[in-house]
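Enquirer: Just passing along the structure, written as structure tokens.
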Amino acid sequence: MGKKMATVAAKKKVVPQAAAPAAKSLKKANGTAVVVAVKKTAKKSAMAPKAAQRAPRQLADAEQQEDIVTRTAKPTPLHDREQRDNEAQQEEDGAAAVQLLGKTSTAEELRDRIQETVRVLSNFKQEREEDRERGEYLELLRSDLLELYEYSEFLMDSILQLFPPAEAVDFLEAMEKTRPTTIRVNTLKAKRRDLVQALVKRGMNVEPLEKWSKVGLQVFESNVPIAGTIEYLAGHYMLQAAASFLPVMALAPQENERVLDMSAAPGGKTTYIAQLMKNTGVLFANDVSEPRCKSLNANLQRLGVTNCIVTNYDGTGYERVMRNFDRVLLDAPCSGTGIISRDKSIKTSKQHEDIQRASQLQRALLLSAIDACKIGGYVVYSTCSFLVEEDEAIVDFALRRRDVQVVEMGLPFGRPGFTKYRHHRYHDSLEFSRRYFPHVHNMDGFFICKLKKLSDSTTKQQDGADKKLSRAGSASASSSKKRGHASDDVAELQVGSKRVRLEKGKAVVLAEKAPVKNHKLSVPPSSKTTRSERQLKGKRKPHKPRK
1 MGKKMATVAA KKKVVPQAAA PAAKSLKKAN GTAVVVAVKK TAKKSAMAPK AAQRAPRQLA
61 DAEQQEDIVT RTAKPTPLHD REQRDNEAQQ EEDGAAAVQL LGKTSTAEEL RDRIQETVRV
121 LSNFKQEREE DRERGEYLEL LRSDLLELYE YSEFLMDSIL QLFPPAEAVD FLEAMEKTRP
181 TTIRVNTLKA KRRDLVQALV KRGMNVEPLE KWSKVGLQVF ESNVPIAGTI EYLAGHYMLQ
241 AAASFLPVMA LAPQENERVL DMSAAPGGKT TYIAQLMKNT GVLFANDVSE PRCKSLNANL
301 QRLGVTNCIV TNYDGTGYER VMRNFDRVLL DAPCSGTGII SRDKSIKTSK QHEDIQRASQ
361 LQRALLLSAI DACKIGGYVV YSTCSFLVEE DEAIVDFALR RRDVQVVEMG LPFGRPGFTK
421 YRHHRYHDSL EFSRRYFPHV HNMDGFFICK LKKLSDSTTK QQDGADKKLS RAGSASASSS
481 KKRGHASDDV AELQVGSKRV RLEKGKAVVL AEKAPVKNHK LSVPPSSKTT RSERQLKGKR
541 KPHKPRK
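Per full-length UniProt numbering, the very first residue in the sequence shown carries number 1; after that it's consecutive.
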């Protein structure tokens, strides 16, 4: 039994008690050499019991070696290293927690923080914390708004420049909500009272729009598709946003006038113009896109418009095709930032470069619209954008290039346009333009301005710049189309009860230099023509242009 116990003790290599304090003290040392020394000492003590007598001397040697290693090694104790590791781990955990909080934080938490920041900014002198500047609060507000509403930095900065902080929040919140569904009664075929009764019987909850419109209806709920009723197919009404009524109301077309809708498709504003003209006079509806012209023609036929001629030309050079219009409507192609409630992708898809390209096209189109208008006539410029670069800046450019003036539109509501924006200063008359916002007027963001043409005068320097701008705008409008010459054909058309001759330079005249590829002149099926469709499409041989 004694031999077995001795054998087990030898296998376990029990360290004598005298060496235990040495091993314990050496564990605190930092360095490989000291640990190795401890292991060697423990091994010798276990193998030779007699060596235990020399333990004090070995302990002294080990302590001396520990001192040497401690003096030569870097002063990085284990507990300091562990402390730094713990701090680093805490920082990583904190960052992960912040990131997780950012992903899972509720909209209410963000809104509470935004409201608190807005409260401080609204009364900054009394509410601010010491040693904190206004810029810090604005940057905090900006970052929270970006996180909550998910706009691009460019658009968010533009919004914060347009409105004070509290109103900017109201604007962003209104953009998250859908606008009311509205329809426009086609008075060429129906009366509003009769249409309301018919739609109510079909399960629609409709009420007249506000007092500013006599033809608008607001749809609150419907048991049938709005664009699927018999009344819709018969052309008794048009599905149209309330903000789209306003440019036509500002244009105020009269009976027996010659009117141009330069960017007409799909025809909501065009059919409203024809409705106000009571199918008299001549209405030209132009669009650069041939497929969109097809939808335009379909709506003209459905709503019973008979005084309209559809053209498919590049609008930046329309004044070279036709002139002397009494009124011109230019609902210009734009970024669409005013209709974000209908298309959320606009929040992040529009950048500064996109706005620059759009504004270049808008300038060329507006100058062409002014040139196509007769002296004393009116041009209405509108966009569904709230960006100043596409609105006041474009009109201010036209005021410096053409002899026109901004006039009042007679619209019963709307905010005045900007005459100051950031470091820019615009013409004082732009206060007569009107802006519409979802948080104020409960409609899409819109800009409208009405110009009166005073004369045809332009400077030579301006003419040269305008030619360059027209070429650049044409490339932006139809990069896939080739521009050509128009023919010398003279078209005689029977439009409604009128016989119309189209020739250059006169109110009822159309002139073409050479047939333009994919540029067509079409008439709604409800109209009659005195010539064949083949002749209207330019099948005759074109006259050779002069060199």
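Glycine included, every Cβ here is placed at the ideal spot set by N, Cα and C.
First and last residue of the alpha helix (DSSP H) that includes residue 210?
Expert: Residue numbering aside, residue 210 sits at position 210 when the sequence shown is read from its first letter. Here residue 210 belongs to no alpha helix (DSSP H), and DSSP marks it neither H nor E.
Enquirer: Need the endpoints of the alpha helix (DSSP H) that residue 299 sits in, please.
Expert: Translated into the one-based positions of the sequence shown, residue 299 becomes position 299. From DSSP, the alpha helix (DSSP H) with residue 299 extends over 290-302.
Enquirer: My understanding is that residue 163 touches residue 171, with C-beta atoms under 8 Å, so please give their C-beta distance in whole angstroms.
Expert: As a working note, residue 163 is residue 163 in the sequence shown. As a working note, residue 171 is residue 171 in the sequence shown. That pair is a contact at about 6 Å.
Enquirer: From the DSSP output, read off the bridge partner residues of residue 221.
Expert: On the sequence shown, position 221 is the one that residue 221 refers to. The partner list for residue 221 (beta bridge, DSSP) reads 205.
Enquirer: Any heavy atom of the ligand HEM closer than 8 Å to the Cβ of residue 399?
Expert: Annotation note on the ligand HEM: not contained in the displayed structure, which lists no ligands.
Enquirer: Looking only at C-alpha atoms, which of 367, 315, 227 and 201 sits nearest to residue 549?
Expert: Outside the displayed range of the chain (1 to 547) lies residue 549, so it cannot be described from this structure.
Enquirer: Do you know how far the Cα of residue 337 is from the Cα of residue 424?
Expert: In the sequence shown, counting from the first residue as 1, residue 424 sits at position 424. In the sequence shown, counting from the first residue as 1, residue 337 sits at position 337. Cα-Cα distance, rounded: 21 Å.
Enquirer: In angstroms, rounded to a whole number, what distance separates the CA positions of residue 489 and residue 321?
Expert: Here residue 489 is taken as the residue at index 489 of the sequence shown, counted from 1. Here residue 321 is taken as the residue at index 321 of the sequence shown, counted from 1. Any reading at residue 489 needs caution, since the residue's pLDDT is 37, under 50, leaving its predicted position unreliable; the model's value is listed next. If you take the alpha carbons of residue 489 and residue 321, they lie about 12 Å apart.
Enquirer: Among 412, 117 and 279, whose alpha-carbon lies nearest the alpha-carbon of residue 211?
Expert: Numbered from its first residue, the sequence shown carries residue 211 at position 211. Nearest C-alpha to residue 211: 412.
Enquirer: Which of the three DSSP states is assigned to residue 446 in this structure?
Expert: If you number the sequence shown from 1, residue 446 lands on position 446. In the structure shown, residue 446 sits in a strand (DSSP, three-state: E or B).
Enquirer: Rounded C-beta distance between residue 242 and residue 182? I'm assuming under 8 Å.
Expert: Your numbering for residue 242 matches position 242 in the sequence shown. Your numbering for residue 182 matches position 182 in the sequence shown. Indeed they touch by this definition, with Cβ atoms about 5 Å apart.
Enquirer: In the DSSP assignment, the beta strand (DSSP E) including residue 313 goes from what residue to what residue?
Expert: For the purposes of this step, residue 313 is identified with residue 313 of the sequence shown, where counting begins at 1. Taken as a continuous stretch (DSSP letters only), residue 313 belongs to no beta strand (DSSP E), as it is neither H nor E.
Enquirer: Measuring alpha carbon to alpha carbon, tell me which of 341, 451, 405 and 230 ends up nearest residue 176.
Expert: By 1-based counting over the sequence shown, the position of residue 176 is 176. Residue 341 is the option with its Cα nearest to residue 176.
Enquirer: Taking only runs of the alpha helix (DSSP H) that begin and end inside the stretch 320-389, which ones reach a length of at least 4 residues, in chain order?
Expert: The qualifying runs are 346-349 and 352-372.
Enquirer: Would you mind stating whether residue 304 and residue 262 have Cβ atoms separated by less than 9 Å?
Expert: Here residue 304 refers to the residue found at position 304 when the sequence shown is read from its first residue. Here residue 262 refers to the residue found at position 262 when the sequence shown is read from its first residue. Result no, Cβ atoms of residue 304 and residue 262 do not sit closer than 9 Å.
Enquirer: Would you kindly report the start and end of the unbroken alpha helix (DSSP H) that includes residue 248?
Expert: The sequence position of residue 248 within the sequence shown is 248, counting from 1. Start and end: 245-251.
Enquirer: Check the C-beta distance from residue 390 over to residue 417 and give it rounded, since I have them as a contact under 8 Å.
Expert: Stepping through the sequence shown from its first residue, residue 390 is reached at position 390. Stepping through the sequence shown from its first residue, residue 417 is reached at position 417. The Cβ separation is near 12 Å, so there is no contact.
Enquirer: CA-CA distance, residue 426 and residue 139?
Expert: If you number the sequence shown from 1, residue 426 lands on position 426. If you number the sequence shown from 1, residue 139 lands on position 139. So the alpha carbons of these two residues sit roughly 28 Å apart.
Enquirer: By the three-class DSSP mapping on this structure, what secondary structure does residue 193 have?
Expert: Taking the first residue of the sequence shown as position 1, residue 193 is located at position 193. In the structure shown, residue 193 sits in a helix (DSSP, three-state: H, G or I).
Enquirer: Between which two residues does the beta strand (DSSP E) carrying residue 238 extend?
Expert: Indexing the sequence shown from 1 puts residue 238 at position 238. Residue 238 -> beta strand (DSSP E) spans 237-239.
Enquirer: Expressed to the nearest angstrom, what Euclidean distance is found between the alpha-carbon atoms of residue 250 and residue 115?
Expert: Here residue 250 refers to the residue found at position 250 of the sequence shown. Here residue 115 refers to the residue found at position 115 of the sequence shown. Cα-Cα distance, rounded: 38 Å.
Enquirer: For the pair the stretch 366-378 and the stretch 440-449, tell me if three or more CB-CB distances fall below 8 Å.
Expert: No: fewer than three Cβ pairs fall under 8 Å.
Enquirer: By DSSP's criteria, residue 424 is part of a beta bridge. Which residues make up the other side?
Expert: Here residue 424 is taken as the residue at index 424 of the sequence shown, counted from 1. Note: residue 424 sits in a beta bridge opposite 421.
Enquirer: Measuring CB to CB, does residue 310 end up less than 9 Å from residue 285?
Expert: Here residue 310 refers to the residue found at position 310 when the sequence shown is read from its first residue. Here residue 285 refers to the residue found at position 285 when the sequence shown is read from its first residue. Cβ distance < 9 Å, so residue 310 and residue 285 count as in contact.
Enquirer: Between which residues of its own chain and residue 199 is the CB-CB distance below 6 Å, once the five residues before and five after are set aside?
Expert: As a working note, residue 199 is residue 199 in the sequence shown. Excluding sequence neighbours, residue 199 sits near 206.
Enquirer: Considering only the alpha carbon of each residue, which of 352, 354, 158 and 377 lies closest to residue 257?
Expert: Position 257 of the sequence shown, counting from 1, holds the residue named residue 257. Residue 257 has its Cα closest to that of 377, out of 352, 354, 158 and 377.
Enquirer: The alpha helix (DSSP H) that contains residue 270, what's its start and end?
Expert: Position 270 of the sequence shown, counting from 1, holds the residue named residue 270. Here the alpha helix (DSSP H) through residue 270 covers 268-277.
Enquirer: What is the C-beta distance between residue 156 and residue 146, in whole angstroms, given that I count them as a contact (C-beta under 8 Å)?
Expert: For this step, residue 156 is matched to residue 156 along the sequence shown. For this step, residue 146 is matched to residue 146 along the sequence shown. That pair is a contact at about 6 Å.
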